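Participant:
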Amino acid sequence: MEQIYNSDKPIDDKNKDRFNRNKFSSRISQTIINRKSDEGLVIGLYGVWGEGKTSVLNMIQNDLEEKDDIFVVKFNPWRFKDEDSLILNFLKNISIVLDRDLNNAKEKFGGFIKKYGIGVGVGVLNIDLTKIGEALSDTELEKLKDRVNAFLKESKKKIVIIIDDIDRLDKQELFSLFKLIKLTGDFSNTYYILSFDDEMVASAIGERYASGDKLSGYNFLEKIIQVPLRIPQAQSQDLLNYTFELLNNAFSENQLDLQTEEAQKIGSLISQNILPRIKTPRLAIRYANSLSFLIPLLKGEVNNSDLILFEGIKIFYPEYYQFIKNYPTYFIESYYGYRDSKDNAKAEELKKELEKISSSYSNNDKKAIENLLKELFPYTKEVFENYSFSNGDIRWEKEKRIVSPKYFNRYFVYSVLNDEISDVYFDEYIKSLTAKSFEELSKETLEIIKRIGPNDFLSKISFYEEKLNWDEKKCLVNLIADSQNQFEGMKGGTFMFGFHNPRKEAGRFIARMLQSQNDENEKLILAQSLLKINIPFTFSSELMWWFKYDKTNGIPTFIGSDLQKLEREFIERILEEASLDNSNIFIKFEISIFAVLDYWYDYDKDQVYQYFEKNLLENNKNISRDIINALTSTIYSSSNPEPYKVDFKKDSYELLKKYYDVDKLYDALMANYKEEIEEATVQFFDMDEGQTEYNAMRQFVHWYNEDKNNLIEDNNQ
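Position in the sequence shown (first residue = 1) + 828 = the numbering used here.
(1) Could you tell me which residues DSSP puts in a beta bridge with Thr1462?
(2) Could you tell me the alpha carbon to alpha carbon distance between Pro1233 and Tyr1253, rounded to whole angstroms?
(3) Within the same chain, show all residues whose beta-carbon is closer than 8 Å to that of Leu1022, passing over the 5 residues directly before and after it, in chain order.
(4) Is it buried or exposed, Phe1375, if we count other Cβ atoms within 10 angstroms and call 16 or more buried?
(5) What's the C-alpha gap between Ala1091 and Leu1137?
(6) What's the call for Ser1190, buried or exposed, on a 16-neighbour Cβ count within 10 Å?
(7) To which residues of the same chain is Phe918 closer than 7 Å at the C-beta, ignoring the five residues directly before and after it?
(8) Quick check on the DSSP output: the alpha helix (DSSP H) that includes Tyr1207 runs from which residue to which?
(9) What separation, rounded to the nearest whole angstrom, lies between the Cα atoms of Tyr1158 and Lys1295?
(10) By the 10 Å Cβ neighbour count, where 16 or more other Cβ atoms means buried, how is Tyr1257 classified, buried or exposed?
(11) Label Gln1343 either buried or exposed according to how many other C-beta atoms from any shown protein chain fall within 10 Å of its C-beta, with 16 as the threshold for buried.
(12) Quick one: what does DSSP say Ile1363 is sitting in, helix, strand or coil?
(13) How many angstroms separate the CA atom of Gly1321 from the CA atom of Phe1512?
(14) Using C-beta distances below 7 Å, list every residue in its chain close to Thr1208, excluding the 5 sequence neighbours before and after it, in chain order.
(15) Just how far apart, CA to CA, sit Arg1631 and Leu1126?
(16) Taking Leu1497 and Phe1476 to be in contact with their CB atoms under 8 Å, please state how far apart those CB atoms are, rounded to whole angstroms.
(17) Counting C-beta neighbours from all protein chains within 10 Å, is the total for Asp1347 16 or more, i.e. buried, or is it exposed?
(18) Quick check: what's the CA-CA separation for Lys1006 versus Ser1133?
(19) Just the Cα atoms here: how many angstroms apart are Ser1368 and Ile1308?
(20) Cα-Cα, which of Ile1383, Asp1171, Asn1500 and Tyr1481 is closest to Glu1534?
(21) Near Tyr1429, which residues of its chain fall below 8 Å by C-beta distance, leaving aside the five closest residues on each side in sequence?
(22) Would you report the Cα separation of Ser1169 and Ala1116, rounded to the nearest angstrom?
(23) Cβ atoms of Asp1434 and Val1474: under 8 Å apart, would you say?
(24) Once DSSP output is grouped into helix, strand and coil, what is the label at Met1318?
(25) Note the first and the last residue of the continuous beta strand (DSSP E) segment covering Ile990.
(26) With a threshold of 16 other CB atoms inside 10 Å of the CB of Val948, please say whether the residue is buried or exposed.
(27) Would the region 1030-1047 count as touching the region 848-864 if we require 3 or more Cβ pairs under 8 Å?
(28) Enumerated in chain order, which unbroken segments of the alpha helix (DSSP H) with a length of 4 residues or greater are wholly contained in the region 1030-1108?
(29) Rounded to a whole number of angstroms, what is the C-alpha to C-alpha distance between Ala1508 and Ser1357?
(30) Can you tell me which of Ser1016, Arg1238 and Pro1056 puts its alpha carbon nearest to the alpha carbon of Glu982?
(31) In the DSSP output, which residue or residues are listed as bridge partners for Ile898?
(32) Hey, how far is the Cα of Glu1418 from the Cα of Ile1456?
(33) Quick test of your reading: Lys1393 and Met1341, contact by CB under 8 Å. State the CB separation rounded to the nearest angstrom.
(34) Hey, how far is the Cα of Asp1085 from the Cα of Leu1391?
(35) Under the three-state reduction of DSSP, which class applies to Gly872: helix, strand or coil?
(36) Looking only at C-alpha atoms, which of Leu1403, Lys844, Ile1289 and Val1424 sits nearest to Arg1336?
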């Protein structure tokens, strides 16, 4: 689609006037048309950049050109580099206009033309205009001036000289231009209309006169300009309507649809907080054009409302924009921390920094930017108002808002970063869940997870949960299970149960998906498939924990007979997998032995006892060693890349007492490892390295003897 931008071209037709400047321009043109005096007049048209001065000049010119007795000359002084070129080209412009208009007139000016020496290629000045670059003395310039003035006076015609963009000139060029106007300002029947930003020009000229300030510049202008006029400021309502018309065009062109409630809210925020900074139509155009450029880049990737408002800050409050960009922590983090204590120091820092930035803004502008900050960055309400967002708000990420750390940078770089993935693409990925083959989806899922990471993948999916049907949810569950090796996460240690452990987050997500299914049979069938031997045990074990213990809104995922079926499925899978290589659960599932025994004991404690009994009888020596080794804690340290054993803890001993007869295990150990156990004194390492399998046996014996001694003491009391 071809992108349409709003041009900054001035209007040339009164019918296109949007800001009621027609009456103003007509008043100027009628003044010139009706004026009887033949004395020259210099009119100054003052206005800031983009306020519409050129449009007013065009409307004046249209009125004047309808009159046969008025010649209009548009002169662009910024095209000429030196003073002589400026003056001579100015006179040349007048000569060309007069030559053309007189020669095309119905009246016969033969004698008149002869008198003033007008000839082909020579013109009114009777000089060779091809020699513009040659310097002329002041005397020669005066002769030329007198010649043109006499011509104008006798012709009874009015000439209007329009000079626009004067504020584009540098200081020296300004001096030359006003010298020219002063030199020719008393031409008969001659009118100048000079258009410029008076403050800018006065400041530049003032440096050369009197006290060298802006006031001196204004005093100088008063000597040149006889009729100073300020362009009428566009009315707020007209600017608001114009701004909204441009914005609507930008949205329509890019097929950006805002919901009615959202559009009304944005419209209100713009009119109250951005419109006061839109002083000219050109600024409205700049705002709309900026959005016209950005929307195609960020459509679907950011929050539309935030983009519209934040671009307003960028254009109309640039100092704030830069501060937000450089110091995001003031805007995307809560001011409340541990135990809801407020970081007052940080809040005061923000207030001081904003006060520095706002020194050049009016009180109304300060209030406006504060309103925008609170809308875009709700955490700032914790500074300005009695709010607390200490727990954050997941909706901000779901809505792709600028306050979300995951989306903040996207509003500045105008694209998706290398370690991110387009939300538009992800939308299509979700839509294709029931359209593509599982093999295609599996490959695509793996690529996405590798690019953005497993937690971000789950986070993105969670935003779609409410809209997914059961087939789509089932597909996602199977895709996650198929990609389970990407969700390994932390293998243990202090934070192994942290919220950002990818495997736990995957288990949490799957449990939610299952719980959303009202058909208990459908839910059970999918859960059972995830406990089969084709799914790696570590992942199935994680899922079993969520199936057994997770509750959403107080409701468990599985209860009663369905939970028992899953427990049976899980235990059967454990035993089957261990038997495949003639192993036992203490070797095969050492890393998960505590969870395995816990599930099994809840399902059938007698079966657990019999498993211990059977294996000890069949393989007494090895199984006793395997049991102690499996129940000896393993630790994963950031300082050591490899896991290592620490102590056989008192808790492990107590669990063994629950599962089996510790007397029988003690007898088995002493029968097979008595010499190794008694050859050294028991040691305890806490979290340090150094554990051996024989020392772990000694630790078991230590707890066993302590337990027996306590029992004897209890019996003697």
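Using N, Cα and C, we set each Cβ at its ideal position, and we do this for glycine too. Since this is a predicted model, take the numbers as computed values, not measurements.
Facilitator: Taking the definition as stated:
(1) Start at 1 with the first residue of the sequence shown, and residue 1462 comes out as number 634. The partner list for Thr1462 (beta bridge, DSSP) reads Lys1473.
(2) Within the sequence shown, the letter at position 405 stands for residue 1233. Within the sequence shown, the letter at position 425 stands for residue 1253. Taking the straight line from one Cα to the other gives about 20 Å.
(3) Counting from one through the sequence shown, the residue named residue 1022 turns up at place 194. Within the same chain, Leu1022 has close Cβ partners Val870, Ile871, Gly872, Leu873, Ile991, Ile994, Ile1009 and Ile1053.
(4) The sequence position of residue 1375 within the sequence shown is 547, counting from 1. Buried is the call here.
(5) Residue 1091 sits at position 263 when you count from the first residue of the sequence shown. Residue 1137 sits at position 309 when you count from the first residue of the sequence shown. Whole-angstrom Cα-Cα distance: 12 Å.
(6) Numbered from 1 along the sequence shown, position 362 holds the residue referred to as residue 1190. By the neighbour-count rule (16 or more Cβ atoms within 10 Å), Ser1190 is not buried but exposed.
(7) Within the sequence shown, numbered from 1, the residue matching residue 918 stands at position 90. Answer for Phe918: Phe903 and Leu1008, listed in chain order.
(8) Locating residue 1207 in the sequence shown gives position 379, where the first residue counts as 1. Careful: Tyr1207 lies outside any alpha helix (DSSP H) and carries neither H nor E.
(9) Within the sequence shown, residue 1158 is the residue found at index 330, counting from 1. Within the sequence shown, residue 1295 is the residue found at index 467, counting from 1. Going by the C-alpha atoms only, they are around 34 Å apart.
(10) Locating residue 1257 in the sequence shown gives position 429, where the first residue counts as 1. Tyr1257 comes out buried.
(11) Locating residue 1343 in the sequence shown gives position 515, counting from the first residue. The residue is buried, with at least 16 neighbouring Cβ atoms inside 10 Å.
(12) Counted from its first residue, the sequence shown places residue 1363 at position 535. In this structure, Ile1363 counts as coil in the three-state DSSP scheme.
(13) In the sequence shown, counting from the first residue as 1, residue 1321 sits at position 493. In the sequence shown, counting from the first residue as 1, residue 1512 sits at position 684. Reliability of the predicted coordinates at Gly1321 is poor, the pLDDT of 37 falling under 50, and the value obtained from them is presented with this limitation in mind. Cα-Cα distance, rounded: 18 Å.
(14) Taking the sequence shown and counting its residues from 1, the one referred to as residue 1208 is at position 380. Contacts found: Phe1159, Leu1201 and Lys1202.
(15) One cannot answer for residue 1631 here, as it falls past the ends of the chain, which runs 829 to 1545.
(16) Residue mapping note: residue 1497 aligns to position 669 of the sequence shown, counting from 1. Residue mapping note: residue 1476 aligns to position 648 of the sequence shown, counting from 1. So it is not a contact: roughly 12 Å between Cβ atoms.
(17) In the sequence shown, the residue the question calls residue 1347 occupies position 519. So Asp1347 ends up on the exposed side.
(18) As a working mapping, residue 1006 is identified with position 178 in the sequence shown. As a working mapping, residue 1133 is identified with position 305 in the sequence shown. One point to set straight first is that residue 1006 is Phe, not Lys, in the sequence displayed. In a straight line, the C-alpha of Phe1006 is about 49 Å away from that of Ser1133.
(19) Stepping through the sequence shown from its first residue, residue 1368 is reached at position 540. Stepping through the sequence shown from its first residue, residue 1308 is reached at position 480. Going by the C-alpha atoms only, they are around 12 Å apart.
(20) Counted from its first residue, the sequence shown places residue 1534 at position 706. Nearest C-alpha to Glu1534: Tyr1481.
(21) By 1-based counting over the sequence shown, the position of residue 1429 is 601. Counting only Cβ-Cβ distances below 8 Å, and skipping sequence neighbours, we find Val1436, Lys1486 and Tyr1487.
(22) Taking the sequence shown and counting its residues from 1, the one referred to as residue 1169 is at position 341. Taking the sequence shown and counting its residues from 1, the one referred to as residue 1116 is at position 288. Distance between the alpha carbons of Ser1169 and Ala1116: 43 Å.
(23) On the sequence shown, position 646 is the one that residue 1474 refers to. On the sequence shown, position 606 is the one that residue 1434 refers to. No; because the gap between Cβ atoms is not below 8 Å, this pair is not in contact.
(24) Here residue 1318 is taken as the residue at index 490 of the sequence shown, counted from 1. Since pLDDT at Met1318 reaches only 46, below the 50 mark, its modelled position is unreliable, and the value read off the structure follows with that caveat. Coil.
(25) By 1-based counting over the sequence shown, the position of residue 990 is 162. First-last of the beta strand (DSSP E) with Ile990: Lys986 to Ile991.
(26) As a working mapping, residue 948 is identified with position 120 in the sequence shown. Summary for Val948: the model assigns pLDDT 36, below 50, so the residue's position carries little reliability; its value from the coordinates is reported in the next sentence. With fewer than 16 Cβ atoms within 10 Å of its Cβ, Val948 is classed as exposed.
(27) no
(28) 1042-1052, 1064-1081 and 1088-1101
(29) The residue labelled residue 1508 in the question sits at position 680 within the sequence shown. The residue labelled residue 1357 in the question sits at position 529 within the sequence shown. In a straight line, the C-alpha of Ala1508 is about 49 Å away from that of Ser1357.
(30) Here residue 982 refers to the residue found at position 154 when the sequence shown is read from its first residue. Answer by Cα proximity: Ser1016.
(31) Against the sequence shown, residue 898 aligns to sequence position 70. Bridge partners of Ile898: Lys986.
(32) Numbered from 1 along the sequence shown, position 590 holds the residue referred to as residue 1418. Numbered from 1 along the sequence shown, position 628 holds the residue referred to as residue 1456. Each residue's Cα considered, the two are about 10 Å apart.
(33) The residue labelled residue 1393 in the question sits at position 565 within the sequence shown. The residue labelled residue 1341 in the question sits at position 513 within the sequence shown. Lys1393 to Met1341, Cβ: 19 Å. No contact.
(34) As a working note, residue 1085 is residue 257 in the sequence shown. As a working note, residue 1391 is residue 563 in the sequence shown. For Asp1085 and Leu1391, the distance between alpha carbons rounds to 47 Å.
(35) Within the sequence shown, numbered from 1, the residue matching residue 872 stands at position 44. Correct three-state label for Gly872: strand.
(36) In the sequence shown, counting from the first residue as 1, residue 1336 sits at position 508. Measuring from the Cα of Arg1336, the nearest candidate turns out to be Ile1289.
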